[in-house]
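Enquirer: Per numbering that gives the first Met the number 0, the very first residue in the sequence shown carries number 0; after that it's consecutive. This is the structure, below, for whatever I ask next.
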Amino acid sequence: MFSIARTTLSNAGRRVVNPSMTGIRSMSSEATFDLTGSFKTHNLDIAPNNEITMSKEELIGHFKLMYTMRRMEITCDNEYKSRNIRGFCHLYDGQEAVATGIQAAFEPEDSWITSYRCHCIALLRGGSVSTVLAELFGNTGGMTKGKGGSMHFYSKPDNFFGGQGIVGAQVPVGTGLAFANKYNAKPGEKMNVAIGCYGDGAANQGQIWESANMASLWKLPMIFCIENNHYGMGTSIDRHSSHTDYYKMGNHIPGIRIDGMNVLAVKEGMRFVKDYCGSGNGPMYVEMMTYRYHGHSMSDPGTTYRNREEIAMTRSTRDPLEFVKKTVIDAGFADADEIKQMEKEIRKFVQSEVVKAKEFPLPEPEALFDYVFAKDLTPENQESQKHIRMPDYAKSFWS
């Protein structure tokens, strides 16, 4: 079961610097926040800053984005139970601070690839609530035109390369993206980085070790990011991994553990990691200490291998949304009533996006074979093949 000791890193880094103590008025447009205890490092002589200064606009923007993610994933839960979403569906609620903090630290040119728990990353990288939901509904308005579904979001113009349905398969691809970023870098300039996000359940896979070896040999700007939500599917980390300090798994490769429930810590930590890897120092392992509220997928109730009290305790003491909400209020950027109004507007917006997503039609059957054969390297210049035939329903066993 979930050990209380594992929350130490998260709880230690949750002290907000009192604006009056730093000489900043409570109604100032920016404030400085204490991150002491939010980081642990491995094989590093330097570390992220223990303070971060943020503007009112930035912090409230993070809150609104994270609340939109939360409402979108709750909507996915409801629509799945109503059978409007079918197949696999892995939700991200509880882990919103990880994606939001990474995005805040990165440039649009940095490459991002992740696991099948990818709805919220898709929202950050080229998507909208309506295009994410339309994809889940299997409609043509989806990010991959209804063909990818929950696990296969993708947006090359936004340097988002999925959504991978196979456990751990994104990491070698991410290493290839890092190789491309180094290859295309201009001499004397920092490289764009690549990040491959995967769960603790994938952390011991051979393909990840092989990728780390190549990334280290060639000093690639690759970030191996373990989103440690403490359960690989339904198995706790203590039962599935002999080494649970995942940020140390790279052996000689430097690593850092970050409080993944604190968006401020994630932002500052990933700023540090991006700067390190992009400066030609090679790869880094990053362990995000986080937690998922839902089960592994919608078919998993999430309560057979952990109890409801554990989930409730995490919600009450470590919830990333409640933390950023309190931080906004303590900094004097908004009061409780203003926060409630923001939440009301976001709930209304998400519901309007659901309606919009359902208005798109389903793909035509002929679209099944689009983008299978290319005439040349010109985008979308394709050709049909005579040997590809639609099913002969008249001869079907089920006709």
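The beta carbon of each residue, even a glycine, is placed where N, CA and C say it ideally should be.
1) Ignoring anything shorter than 4 residues or poking outside the segment 19–83, list the alpha helix (DSSP H) runs there in chain order.
2) Taking the CB atoms as reference points, tell me whether residue 323 and residue 101 lie closer together than 8 Å.
3) Using 8 Å for Cβ pairs, my map puts residue 90 next to residue 253. What's the rounded Cβ distance?
4) Helix, strand or coil: which one does DSSP assign to residue 303?
5) Just to confirm, are residue 202 and residue 269 a CB contact at a threshold of 8 Å?
6) Is the beta carbon of residue 141 closer than 8 Å to that of residue 130?
7) Near residue 318, which residues of its chain fall below 6 Å by C-beta distance, leaving aside the five closest residues on each side in sequence?
8) Buried or exposed: where does residue 181 fall if 16 or more other Cβ atoms within 10 Å of its Cβ makes it buried?
9) Let me make sure I understand the geometry here. Which of 320, 212, 330, 239 has the alpha-carbon closest to that of residue 222?
10) Using the Cα positions of residue 307 and residue 237, report the straight-line distance between them to the nearest angstrom.
11) Would you grab the beta carbon distance between residue 74 and residue 353 for me? Rounded to a whole angstrom, and I think it's under 8 Å.
12) Can we say the segment 273–280 touches the segment 112–123, given the rule of at least three CB pairs closer than 8 Å?
13) State the DSSP-derived secondary structure class of residue 111, mapped to helix, strand or coil.
14) Thinking just about the alpha-carbon of each residue, which of 197, 332, 145 is nearest to the one in residue 366?
15) How long is the line joining the alpha carbons of residue 174 and residue 219, rounded to whole angstroms?
16) Count Cβ pairs between the segment 49–57 and the segment 104–112 that sit closer than 8 Å; are there 3 or more?
17) Applying the 10 Å Cβ sphere with the 16-neighbour rule, what's the burial state of residue 399?
18) How many angstroms separate the CA atom of residue 256 from the CA atom of residue 110?
Expert: Working from what's here:
1) Listed in chain order, they are 55–80.
2) In this structure, residue 323 lies away from residue 101, with their beta-carbon atoms at least 8 Å apart.
3) No, residue 90 and residue 253 are not in contact; Cβ-Cβ is about 32 Å, not under 8 Å.
4) In the structure shown, residue 303 adopts coil according to DSSP, grouped into three states.
5) The answer is no: Cβ separation not under 8 Å.
6) Yes.
7) For residue 318, there are no CB contacts under 6 Å within the same chain when 5 residues up- and downstream are skipped.
8) In this structure residue 181 is buried. Its beta-carbon is surrounded by 16 or more other beta-carbon atoms within 10 angstroms.
9) Closest in alpha carbon position to residue 222, among 320, 212, 330, 239, is 212.
10) Rounded to whole angstroms, residue 307 and residue 237 show a C-alpha spacing of 19 Å.
11) Indeed, because the Cβ distance is near 6 Å, the residues count as touching under 8 Å.
12) Contact annotation: the segment 273–280 does not touch the segment 112–123, with fewer than three C-beta pairs closer than 8 Å.
13) It is a strand residue.
14) Checking every option, the nearest Cα to that of residue 366 belongs to 145.
15) Distance between the alpha carbons of residue 174 and residue 219: 8 Å.
16) Put simply, the segment 49–57 does not touch the segment 104–112. Fewer than three CB pairs are less than 8 Å apart.
17) The structure shown does not extend to residue 399, since the chain is modelled only from 0 to 398, so the question has no answer here.
18) Using only the alpha carbons, I get a separation of about 21 Å.
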